[in-house]
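So the sequence shown is numbered by this note's numbering: it starts at -5 and just counts up by one.
C-beta: ideal position from N, C-alpha, C; glycine also.
Just below is one structure, and these are the notes that go with it.
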Amino acid sequence: HLRNETKAESEAREKALKFWPTNPKVDHLIGKKLSQKYRFTEGSAYQRRALKFDTGFLPAKIQLAQDLLRLGREEEGWQLADEVHQRDGYDVTAYNLATLRETFSNLQTVTNRDFVVRMSRSEAAIYGDRVLDLLQRARNHLSEKYGLNLDQPTTVEIFPEQKDFAVRTFGLPDNPGFLGVCFGHVVTANSPASQAAHPANWEAVLWHEFCHVITLGLTRNKMPRWLSEGISVYEEKEANPTWGQAMNPRYRELVLGDDLTPVGKLSAAFLSPKSDLHVQFAYYESSLVVEFLVQGFGFESLKQILHDLGEGADINEAIGSHTEPMEKFEKDFAAFARERAKNLAPGLDWEKPKRPSRTPAFLDADSPFTNRVDTPRSVRTNVAPAPPLSFLPHAVSESAPAADSTNYWELLRQARTALAAKKWAEAKAPLKKIIELCPAQTGSDNAYAMLAAAFRGLNETNQEREVLSKLAALESDATDAYLRLMELEEAAKDWPGVTENAERFLAVNPLLPQPYRYRARASEESGKTEAAIQSYQKLLLLDPPDPAEVHFRLARLLRQAGDPAAKRHVLQALEEAPRFREALRLLLEINGESLPAAKESAAGAAPENKP
């Protein structure tokens, strides 16, 4: 079936049914294997054939339920899941789905013509409009670019609990590591609320997943995972240069070593990776193949390959038909990838220091000497793994380079040693050298972040702000940098800068009050009344610590806009702080009265809390 060999498929099925012509296990197994390859339409057809042989065959019924739910045919899917649960209370998948259905009753649906989005009620009120706007932009752009007219709305479900996402996606509650999954016309995703302190950029995640909607639609789900992921990562970078993945020191080492997978075998890089890092690298290499293909042979060649896959062509044959013979394609791509790796800071010396004869007991667990691979936050694509940075002051190589070294690892060692000792001035030189020679460095604990910390330690605010601005332009999820920049830019009255970094922050975590507060003030100071009103309204949904001040500012803006809701908000401000003088004055103005002089002098001052 997967090789489009209809005759061989039919003969194999007949042989399996030879001694029991109505055995439901045969079609159930065929359908289950097809669904594992994301061929849910064909898989569900085989489950129906199995159920024709035996209407009570529960394995086929629960598999059909899952297939239908992934195809967006929810009414029948939920009904079948309930039937299995009623018949067999010990069926784990049926039980999990029955429990999940109760969770669905707590989700709110926000829709437009092209999307059905389900998310928690509280989150829908806060950023549901941003989700719809982002998805609509993705649909408008990618549908036109790839020439696909979608014939039905796309369902997107965003879960605040990781276990609910896992049950909806995999049938089981424990399957961490994924931020989003696309089945075709159905997308499931983890909310920022489910990702602890460091969520990924949810806008990049949804753009990535919607790209899967397009490519799976074009190929009717007949494409290898590596190409689907490669195109999605590629389109992330096309949409926003900070999204997707970029060459970094770890990838450089893998490309120039023996870890570059031949294009014809890239699917194996996802099926049997050596480590979590190699999974991340598989995403990156796949996107690099797509970039190489588009640059060398044109975007139309990529579209033709997708068309051929939809007709049942083999991926390697399709690539060879629209580019060059596969053997040459692989050779040329390998050269392209190696050149990209070598161009990462060619002025730096990348040779790693020799391993000490005995690893000191106090060596940092993250030292490159330990060969430890950090577990990435996900197997998704917009979180590039950071280079191993952590040399402690005493973790010295046998042959330490000179102080003026351009060795990447030695410069990092010098910087980390100085920062650990709070010798801020000493840390600047090696970090500036790294940035000079590798200006596009990304990843956690990169030189920009460390240099900003040094400037902050020295109270060199202007320099700190400049470095953080460069970092923010490179990273898609640097929330600490965005937050600090909002603080610095508010102090400098750089209101466009405040707004820009508030938007960056909201693309990562829209569930914290700080960015709304900063964006509201920036809009207020810039005379953008409607934007300020919206930001203060969102802020109130997040239980701010100074609700009286927020209600007052919102009331003042609403009054300027002629909105009668101003009175309600000023009353709420006074309810929180009865002696709030400015709020009392505003209430009297709204009522057409004025505050008597004696009472005004006796009235309390406004709360000290400022947004």
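Counting only runs of 3+ residues, no beta strand (DSSP E) is found wholly inside the segment 245 to 301. If you ignore the 5 residues before and after G50, its C-beta comes within less than 8 Å of the C-beta of R81, all in its own chain and listed in chain order.
Proximity of the segment 194 to 206 to the segment 478 to 496 falls short of the contact definition, fewer than three beta-carbon pairs being nearer than 8 Å. For the pair V492 and I428, the Cα-to-Cα distance works out to about 28 Å. Around the beta carbon of L91, a 10 Å sphere encloses 16 or more other beta carbons of the protein chains shown; the residue is thus reported as buried.
Take P167, set aside five residues on each side of it, and the residues of its chain with a beta-carbon closer than 6 Å to its own are K157, A160 and V161, in chain order. In the three-state reduction of the DSSP assignment, E151 falls in the strand class, which pools E and B.
Counting C-beta pairs with one atom in each stretch, the segment 60 to 72 and the segment 31 to 40 have three or more that are closer than 8 Å, which means they touch. Note: C176 is bridge-paired with V181 in the DSSP secondary-structure output. Residue state for Q30 is assigned as helix, using DSSP reduced to three classes. By the 16-neighbour rule on beta-carbons within 10 angstroms, N143 is exposed. The Cβ atoms of L462 and A441 lie no closer than 8 Å to each other.
Beta-bridge analysis with DSSP links F109 to T148. Of G25, N215, W237 and K139, the smallest CA-CA separation from E469 is found for W237.
Residue pairing by DSSP places N337 in no beta bridge whatsoever. Taking C-beta atoms as the reference points, T400 and L338 fail to come closer than 8 Å.
DSSP places L221 inside the alpha helix (DSSP H), whose first and last residues are R219 to A233.
M217 and F172 have their C-alpha atoms spaced approximately 20 Å apart.
The Cβ-Cβ distance between V227 and V181 does not fall below 8 Å.
Here the segment 51 to 61 makes contact with the segment 17 to 25; the two share three or more CB pairs at distances below 8 Å. Contact between F293 and H316 is ruled out by a C-beta separation of about 11 Å, above the 8 Å threshold. Apart from sequence neighbours up to five positions away, the residues of its chain that approach L581 with a beta-carbon distance below 8 Å are K561, V564, L565 and L568, ordered along the chain.
One Cα belongs to S38, the other to E543, and the distance between them is close to 57 Å. Annotation: the segment 27 to 107 contains the following complete segments of the beta strand (DSSP E) (minimum length 3 residues), in chain order: 101 to 105. Bounds of the alpha helix (DSSP H) holding R550 are P541 to Q554. With contacts defined by Cβ atoms closer than 8 Å, P347 and E404 form a contacting pair. Rounded to the nearest whole angstrom, the CA to CA distance from A514 to G165 is 42 Å. Between R498 and Y476, the CB-CB gap stays under 8 Å.
By the criterion of at least three beta-carbon pairs nearer than 8 Å, the segment 21 to 31 is in contact with the segment 40 to 47. In this structure, R246 sits away from G304, with a CB-CB distance that is not shorter than 8 Å.
N456 carries a helical assignment under DSSP once its states are collapsed to helix, strand and coil. When Cβ pairs closer than 8 Å are counted between the two stretches, the segment 118 to 133 is seen to touch the segment 529 to 544, the count reaching three or more. Comparing C-alpha distances from H22 to each of K9, K55, L(-4) and E454 shows the shortest one belongs to K55.
Around F286, the same chain offers F327 and F330 as residues with beta carbons nearer than 6 Å, after the five sequence neighbours per side are excluded.
The residue among E524, I208 and Q102 with its C-alpha nearest the C-alpha of E138 is I208.
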